[in-house]
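S.K.:
In this note's numbering, the protein residues as written are 8 to 61.
(1) With respect to the beta strand (DSSP E) encompassing residue 38, which residues constitute its N-terminal and C-terminal limits?
(2) Do residue 24 and residue 46 have their CB atoms nearer than 8 Å?
(3) Along the chain, where does the beta strand (DSSP E) that runs through residue 14 open and close?
Here you go:
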């Protein structure tokens with residue numbers, strides 16, 4: 008399947024989107040895909056909150 012037709016789900020809201028249109032954040036052990044900036048910002052805030060709890 009070509010990358011421009013491959014579908015993935017947003018890491019936050021689970022909306023199905025074309026992989027080529029996704030925003031992404033890469034970590035050492037993962038790649039998270041997002042449908043828009045709002046979902047990516049939400050995820051980043053959640054991750055920051057988890058780090059503060061540790």
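Backbone N, C-alpha and C fix where the C-beta goes; we use that ideal spot for every residue, glycine too.
M.R.: Taking the geometry as given:
(1) Position 31 of the chain shown, counting from 1, holds the residue named residue 38. Element bounds for residue 38: 38-41.
(2) As a position in the chain shown, residue 24 is number 17, starting the count at 1. As a position in the chain shown, residue 46 is number 39, starting the count at 1. Their beta carbons are not under 8 Å apart, which means residue 24 does not touch residue 46 by this criterion.
(3) On the chain shown, position 7 is the one that residue 14 refers to. Residue 14 -> beta strand (DSSP E) spans 14-16.
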